[in-house]
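Listed in order, the protein sequences are those of chains Z and S. Note that our numbering has the first sequence beginning at 156, numbered continuously upward. Note that our numbering has the second sequence beginning at 156, numbered continuously upward. Ideal Cβ placement from N, Cα and C applies to all residues, glycine included. As the structure is a computational prediction, the values presented were derived from the model and not from experiment. Shown next, in structure tokens, is the structure this report addresses.
There are 2 protein chains.
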Amino acid sequence: MSAAESFSIDAGSSGVLKLGMNTIHNRIRKLRFDADEMTQQELADRIGVTRQTVVAIEGAKYSPSLAIAFRIAEVFAVPLDQVFRYGQESFTG
Amino acid sequence: MSAAESFSIDAGSSGVLKLGMNTIHNRIRKLRFDADEMTQQELADRIGVTRQTVVAIEGAKYSPSLAIAFRIAEVFAVPLDQVFRYGQESFTG
DNA sequence: ACATAATGTCAAATATATTATACATGAACT
DNA sequence: AGTTCATGTATAATATATTTGACATTATGT
Numbered sequence: 156m157s158a159a160e161s162f163s164i165d166a167g168s169s170g171v172l173k174l175g176m177n178t179i180h181n182r183i184r185k186l187r188f189d190a191d192e193m194t195q196q197e198l199a200d201r202i203g204v205t206r207q208t209v210v211a212i213e214g215a216k217y218s219p220s221l222a223i224a225f226r227i228a229e230v231f232a233v234p235l236d237q238v239f240r241y242g243q244e245s246f247t248g
Numbered sequence: 156m157s158a159a160e161s162f163s164i165d166a167g168s169s170g171v172l173k174l175g176m177n178t179i180h181n182r183i184r185k186l187r188f189d190a191d192e193m194t195q196q197e198l199a200d201r202i203g204v205t206r207q208t209v210v211a212i213e214g215a216k217y218s219p220s221l222a223i224a225f226r227i228a229e230v231f232a233v234p235l236d237q238v239f240r241y242g243q244e245s246f247t248g
């Protein structure tokens, strides 16, 4: 586990985006650490956005474009629904 | 089949969005007609956007937000990957 | 012939996503 | 103590998505 993770108390950036009555959860952070602790900068480079964008999406500050969502899933080689999920439930699968 | 469909020759709006080397296909039009020929206006109302937005997304003029993508899938009661697909292949399944 | 409904399109305005730059913090290391 | 790395945050600028309002076309029905 690298530097920033151990002190991140998931305060502002919980990975849950509320919009209307529904929410979008994402597992980007987990996928990054599972993928040899890939850094936010590395992920940003691989999907062709800036680090700030990764921070915002991972922290669910806003809803990314579908194109970027697909590229993130592509990087981790998983289907989109294993990165983002819609509804009230948390990620369990 | 209602009015507009029979003369639409799929000229500008092919439902395929190219970005970078990859593409995003969508089946919104098919899903609409399968769903009792739901109109663009009806779909727009149900996902909370304007008709022009539905036209643009259906015609793949740009990449919608993930939130809207999820709401579209929700309306048709299918998983997201049955509405939008990423990559070179067309929809077959 | 006329009206209506569904769609495609266009241009300008607004909202939101994304970038660019900069600074702060804690962990790991020397 | 000092340095580096990964992260969180903030603000202004730019790009893109979405809205608003309007108009054209074709099909369907009267």
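Check	Outcome
Among S:R226, S:V171, S:D189 and S:A215, nearest to S218 (chain Z) - alpha-carbon criterion	S:R226
Backbone secondary structure at R201 (chain S) - three-state DSSP	helix
Any chain Z beta carbon closer than 8 Å to A224 (chain S)	yes
Assigned exposure category for V209 (chain Z) - 16 Cβ within 10 Å defines buried	buried
CB contact flag (G170 (chain S), E213 (chain S), <8 Å)	yes
8 Å Cβ cutoff, L186 (chain Z) in contact with chain S	no
Cβ neighbour criterion (16 or more within 10 Å) applied to F239 (chain Z)	buried
Cβ neighbours of A199 (chain Z) in the same chain (closer than 7 Å, five flanking residues each side left out)	T205, R206, T208 and V209
Nearest-angstrom beta carbon gap, L221 (chain Z) and I202 (chain S) [assumed within contact, 8 Å]	Between L221 (chain Z) and I202 (chain S) the Cβ distance is about 14 Å, and since that is not below 8 Å, they are no contact.
Cβ-based burial, F188 (chain S) [other Cβ within 10 Å; buried from 16]	exposed
8 Å Cβ shell around P234 (chain Z) - same chain, five flanking residues per side excluded	A228
Chain-ordered chain S contacts of F239 (chain Z) [CB-CB under 7 Å]	L221
Chain S within 8 Å of I179 (chain Z), Cβ atoms only	yes
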